[in-house]
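Residues in the sequence shown are numbered consecutively from 1, following UniProt numbering. Data first, discussion second: the structure below is written as structure tokens.
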Amino acid sequence: MSHKYSGGCDHVHTHADHDPIDNHTCHCSVCKSVTGQPTTHVAFFNHDDVEVDNPDGLNRQPFNANNPDGPLELCTCKDCGTPIMLDDKQNRIRVIVPNLMGYADSFPDTTYHAFYDPATGVARPNDGKPVHEALRPDFVWPQGS
């Protein structure tokens, strides 16, 4: 069966048939540290909208090394080490970084910039998308499932 969005690796596959609830370009220091990218395309899905075919094939580690008890866990494949998703221990969201987690280049583009901090000295994005110092002001965290 074909799914709207699908990714993963040869050992663990994820898919979603609903659109992300948030889709932004992240400028935060944690994403920069974890991905090694200057900015990161980040898509939040409702937790139950992303399905994992082999959850036992995942290693889990804190997403933020400076906050190891935080809610987000980076899930990587036990066999090949590929990043698969971020999972929220509170079951609110699952996070996909399309270019690192096996998703097609046709994944929808981001709609805004999040966690932009002018104090970093990085030029303010000028691609016409809104720029925020946090998530977009109208974002509401979903209830945990």
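Glycine residues also receive a C-beta, built at the ideal position from the N, C-alpha and C atoms.
query, result
"Sequence-distant residues of its chain with Cβ nearer than 8 Å to E133 (five each side left out)", "F115, Y116 and D117"
"CA-to-CA distance, K32 to N67, given in whole angstroms", "15 Å"
"Residue environment, T14, which counts as buried when at least 16 other CB atoms sit within 10 Å", "buried"
"Top-ranked residue by Cα proximity to F45, from T39, V131, D10 and P108", "P108"
"Spatial neighbours of V50 in its chain, beta-carbon cut-off 8 Å, leaving aside the 5 residues before and after", "T14, H15, A16, M85, R94 and I96"
"Cβ separation of C9 and C80, assumed to be a contact under 8 Å, to the nearest whole Å", "6 Å"
"3 or more residues per run - each beta strand (DSSP E) lying fully within the stretch 68–140", "72–77, 83–88, 93–96 and 112–114"
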